[in-house]
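First the structure, in the form of structure tokens, and then the observations on it.
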Amino acid sequence: MLTAAWVLPVEGPPIREGAVVIEDGRLAWVGARSDVPSAFRRVPRRDFPRGLLLPGLVNAHCHVQLIPISSGLCPGSEFVPWVRGLIAAVAEWSSEEIDRTTRAGLQEVAAAGITTVAHVSAAPRLAPFLESPLRAVVFHEVLGFPEARAEGQLAVARAWLDGAGRGLVGQSGRVGIGIAAHAPYSVSASLLRGLVALARERDLPFSIHLAETREEATFLATGGGPFRDLLRERGGWDDAWSPPGMGPVAYAERLGLLDAHGLAVHLNYLEPGDLDRLRRGRLTACWCPGAHRWFGHPAHPAAAMLAAGIPLALGTDSLASNDALDLLREMRLAAATQPEVPPAAWLRAATLGGAEALGLAHEIGSLRPSKAADLTVVEPFPEMEADPHRALLSEAARVRFACVNGRPVRTWD
């Protein structure tokens, strides 16, 4: 049993002086400590008298392996030069180096009390995730702008999914897989359609970077700008391509991407009609506030999305575009720039919002009997604070405990 000053179930009201009971890695009971059934009153107990006990945090978008780039890029960098620096920095990484940096990233994720991470990579490695105590969804990210490469890239994606599926046979079920298209400026129309169809065929979550920059909108509207230059210099241009003449979200809708189950990541720049398009679709919007600040984007439309009924998740992106892989920090950054949003909405985005997008809401994301015992405890709860959700956003809030299936993901002092 774990007890805390407050238990925050997400799918129900906060519980003062609450408790949860864990049996065989699952939640057996959730409620007020004074109401614990007699059958559970003699089980081993750990108390967090100034703690906030919440569902395990879900980082819905992360490139775990990307350590900080040492090529002089810094916050405020323009996006395409940053991409060039990133490509140069990782070009020579060996499989062993990718494993090393992935393990280092997973340690930082665990230290932040994150219990589930959605990892996106064009060269994903499963071993570090199988070794880690964390829950994860590993997305194979696909690029390929020339239409002539679409069939070949789809074949590569199918082969990876087949191999990964075989590698997960007999494992604990903590690690799942997904399919990701990098972005509309780096993936052809036929490949985008094919990847969504593949995700649907395999019943896997889909992810795409969408409406991340102004340059993306310029490229799709006119065919010009720095993304065209980048594709040419990387040998990825298609001379037969014509711009669709519309914004990223409208283009994604036309291709059927918004009807997939999964994540539309970033969505920093919306155009008229985009809120309605997203509301009609199935993708969850995933905002990465730290990366948003890193690149100096204007105010994010998260509040408008929530008001329109668009589901929202939170992610950290990577250490190449953020200062930390810390979801509590992402919640604080979000709340600081969107004060009109109730604090409870940020907790939902950081837990159940991500779980729903990843197809894991039946297991995680809220505190309900029969769900997996994935939990995070944050301290201290200020005695003068009446709202436990607001207390989560305090600069003083620190993770004191986290577990997956009832097993601690690391030790804390």
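Taking the numbering used here as reference, the numbering of the sequence shown is continuous, increasing by one, and the terminal residue is 408.
Beta carbons: idealized from backbone N, C-alpha and C, even for Gly.
Excluding the five sequence neighbours on either side, which residues of its own chain have a C-beta within less than 7 Å of the C-beta of residue i, listed in chain order?
{"i": "E374", "result": "F43, R45, G46, R393, R395"}
{"i": "E146", "result": "none"}
{"i": "E136", "result": "V115, S116, A117, A175, H177"}
{"i": "A(-1)", "result": "G13, F43, G46, L47, L48, V372"}
{"i": "A86", "result": "none"}
The beta strand (DSSP E) with residue i in it runs from where to where?
{"i": "S116", "result": "109 to 116"}
{"i": "I82", "result": "I82 -> not in any beta strand (DSSP E); alpha helix (DSSP H) instead, spanning 74 to 85."}
{"i": "A0", "result": "-3 to 2"}
{"i": "F124", "result": "Unbroken run through F124 is the alpha helix (DSSP H), 122 to 126; no beta strand (DSSP E)."}
{"i": "V132", "result": "130 to 137"}
{"i": "V151", "result": "It is not in any beta strand (DSSP E) - V151 instead sits in the alpha helix (DSSP H) that spans 145 to 163."}
For residue i, write down the residues that DSSP places opposite it in a beta bridge.
{"i": "F250", "result": "The residue asked about is misnamed: residue 250 is Leu in this sequence, not Phe. Bridge partners of L250: none, in fact."}
{"i": "P50", "result": "L370"}
{"i": "H261", "result": "L205"}
{"i": "I62", "result": "Paired residues: none, contrary to the question."}
{"i": "T279", "result": "L258"}
{"i": "R402", "result": "V399"}
{"i": "E18", "result": "R21"}
{"i": "F43", "result": "A(-1)"}
{"i": "L309", "result": "W282"}
{"i": "A302", "result": "Answer is none; A302 lacks a bridge partner."}
{"i": "V394", "result": "V373"}
{"i": "A27", "result": "G13"}
In chain order, what residues of the same chain have a beta carbon less than 8 Å from the beta carbon of residue i, not counting five sequence neighbours either side?
{"i": "I62", "result": "T96, A99, G100, L314, A315"}
{"i": "G160", "result": "I172"}
{"i": "N317", "result": "C283, G285, A286, W289, T311"}
{"i": "C22", "result": "Note on identity: in this sequence residue 22 is Leu, with Cys being the wrong assignment. The residues are V15, V16, L362, R363, P364, S365, K366, A367, A368."}
{"i": "C57", "result": "G100, V104, V112, A113, H114, V115, G310, T311, D312, S313, L320"}
{"i": "L250", "result": "A184, L187, R188, V191"}
{"i": "D407", "result": "Going by the sequence as given, residue 407 is Trp instead of Asp. Once the five neighbours on either side are set aside, the close Cβ partners of W407 are V394, R395, F396."}
Are the Cβ atoms of residue i and residue j separated by less than 8 Å?
{"i": "I109", "j": "L309", "result": "no"}
{"i": "R130", "j": "D94", "result": "no"}
{"i": "V336", "j": "D369", "result": "no"}
{"i": "S202", "j": "G257", "result": "yes"}
{"i": "F124", "j": "V133", "result": "yes"}
{"i": "A345", "j": "L52", "result": "yes"}
{"i": "T262", "j": "P239", "result": "For clarity, residue 262 is Leu in the given sequence; the question names Thr instead. No; because the gap between Cβ atoms is not below 8 Å, this pair is not in contact."}
{"i": "P243", "j": "G354", "result": "no"}
{"i": "P9", "j": "P383", "result": "yes"}
{"i": "V5", "j": "P50", "result": "yes"}
{"i": "L278", "j": "A259", "result": "yes"}
{"i": "L156", "j": "R197", "result": "yes"}
{"i": "L187", "j": "L252", "result": "yes"}
{"i": "L163", "j": "L193", "result": "no"}
Residue i lies in the alpha helix (DSSP H); which residues open and close that run?
{"i": "A331", "result": "322 to 332"}
{"i": "H357", "result": "H357 -> no alpha helix (DSSP H), and no H or E assigned at all."}
{"i": "V104", "result": "90 to 106"}
{"i": "H287", "result": "284 to 289"}
{"i": "H384", "result": "383 to 387"}
{"i": "L186", "result": "184 to 197"}
{"i": "A176", "result": "Careful: A176 lies outside any alpha helix (DSSP H), inside the beta strand (DSSP E) at 170 to 176."}
{"i": "W413", "result": "This structure does not reach residue 413, given that the chain is present from -4 up to 408, and the question cannot be answered."}
Residues in its own chain within less than 6 Å of residue i by CB, not counting five upstream and five downstream?
{"i": "W341", "result": "M326, A329, A330"}
{"i": "P414", "result": "The structure shown has nothing for residue 414, since the chain only spans -4 to 408."}
{"i": "R40", "result": "M(-4)"}
{"i": "C281", "result": "A55, H56, L258, V260, A308, G310"}
{"i": "V38", "result": "M(-4)"}
So, do the region 341 to 357 and the region 111 to 119 have three or more beta carbon pairs nearer to each other than 8 Å? Contact check between the region 341 to 357 and the region 111 to 119: three or more CB pairs, one atom from each, fall below 8 Å, which counts as touching.
So, do the region 291 to 307 and the region 255 to 270 have three or more beta carbon pairs nearer to each other than 8 Å? Yes: at least three Cβ pairs fall under 8 Å.
If contact is defined by three or more beta carbon pairs under 8 Å, each pair taking one atom from either stretch, is the region 74 to 83 in contact with the region 194 to 210? Counting Cβ pairs under 8 Å, three or more are found: they touch.
Determine contact between the region 161 to 181 and the region 212 to 231, defined as no fewer than three beta-carbon pairs at a distance below 8 Å. The region 161 to 181 vs the region 212 to 231: in contact.
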